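Below is one structure, written out as structure tokens, with a few remarks after it.
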Amino acid sequence: MWWCRMGRGCRWWRMRVRRVIGGHSSKRTSTSVTSSSGGVTAGSDTYTSRTSAAASRRSPHQASTALVVSEPKLRATVAGSDGNAVALDFELVGPSERTEPLRSGELRQQLGLELVAQDTCNLLYVMWRVAPRSELVVSAKQNPGQSTHARCENRGYRRLRAEQLAPVPALVGGARHTLAARIDAGRLEVTIDGERVLSAALDGAARELHGRVGLRSDNLRFVVHQLRAAFAEGGPTCDG
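Next up, the structure:
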């Protein structure tokens, strides 16, 4: 299994960005993001979108190989990842300048991880919420036979029963954390800064999911220092 990170030593890193604009479905936007010692650059869009697909800009908060997320909504998956392990090293800056409610109408501030993401309709989420209340939530979204947001919209969500193993710190601006999740033998383990905080047994339906890992955020501005993903044999090569 390969671990590829966004930072020095990794020859290539790519993610597929999916966006929902203004609470309505849009054409999917695919962006290649290449990381090297020279920094992070966004490649050309594969599909057209009604707005710019750029989710990263240089800012005073950005390190040489960091990625600043400032859009109100980000949905991304890591191409070639095996779907079972991901870790996000990030620094929260604060709320995004613009805000967009969820399809339900709720205005939520959160960021988190996607696992075994077959598509936008079938995947697992580990979400660290700031507002309307601080909490860490594990949920599944499953809509068999559907694979596009236009088909499933916000249907098919359910929370997974999780055992809290340690207190979850409040997510505040200026704080840097590492949120990580791994699926092993039918269990989902979640850590914050290396400490196990949640453990959940996947039910039969959730165990049927297979796909990529990824990143999701709503109405937050933050800096991604590293996004580490597990790759099957034959995945990207990383130096030392």
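Under our numbering, the first residue of the sequence shown carries the number 259, and numbering increases by one thereafter. We put the CB at the ideal spot given by N, CA and C, even for glycine. These numbers come from a predicted model, not from an experiment.
| query | result |
| --- | --- |
| Candidates 390, 459, 479: which alpha carbon is nearest residue 360's? | 390 |
| Assuming residue 351 and residue 394 make a contact with CB atoms under 8 Å, what is their CB distance in whole Å? | So it is not a contact: roughly 20 Å between Cβ atoms. |
| If we require 3 or more residues per run, which beta strand (DSSP E) segments fall completely within the segment 453 to 493? | 453 to 459, 470 to 476, 478 to 489 |
| Between residue 480 and residue 451, what straight-line distance do the alpha-carbon atoms span, to the nearest angstrom? | 17 Å |
| Going by Cα to Cα distance, which pick from 346, 387, 326 is closest to residue 427? | 387 |
| Where does residue 408 fall in DSSP's three states? | helix |
| What does DSSP give as the partner residue(s) for residue 422 in the beta ladder? | 456 |
| What's the gap between the Cα of residue 328 and the Cα of residue 489? | 27 Å |
| Give the range of the beta strand (DSSP E) segment to which residue 353 is assigned. | 339 to 353 |
| Which value, in whole angstroms, describes the spacing of the CA atoms of residue 421 and residue 397? | 13 Å |
| I want to know whether the segment 464 to 471 touches the segment 372 to 388 - three or more CB-CB distances under 8 Å. | yes |
| Nearest-angstrom Cα distance between residue 415 and residue 457? | 19 Å |
| In angstroms, rounded to a whole number, what distance separates the CA positions of residue 475 and residue 410? | 19 Å |
| Could you pull the start and end residues of the beta strand (DSSP E) that residue 370 belongs to? | 367 to 377 |
| Based on Cα-Cα distance, which residue from 445, 392, 417 lies nearest to residue 431? | 392 |
| Whose C-beta lies closer than 6 Å to the C-beta of residue 438 among residues of the same chain, with five residues either side of it excluded? | 345, 449 |
| Is residue 401 helix, strand or coil when you go by DSSP? | coil |
| Report yes if the CB atom of residue 443 is closer than 8 Å to the CB atom of residue 339, and no otherwise. | no |
| If you drop the 5 nearest sequence neighbours on each side, which residues of the same chain put their C-beta closer than 6 Å to that of residue 417? | 397 |
| Could you tell me the alpha carbon to alpha carbon distance between residue 315 and residue 335, rounded to whole angstroms? | No answer about residue 315 holds up, because its pLDDT of 35 lies below 50 and its placement is not dependable. |
| Do you know whose CA, among 353, 365, 399, lies nearest residue 463's CA? | 399 |
| Looking only at C-alpha atoms, which of 402, 446, 349 sits nearest to residue 419? | 446 |
| Using the Cα positions of residue 482 and residue 377, report the straight-line distance between them to the nearest angstrom. | 23 Å |
| Alpha carbon to alpha carbon, how far is residue 330 from residue 429? Give it in angstroms, no decimals. | 17 Å |
| Just the C-alpha distance for residue 349 and residue 364, rounded to the nearest angstrom, thanks. | 24 Å |
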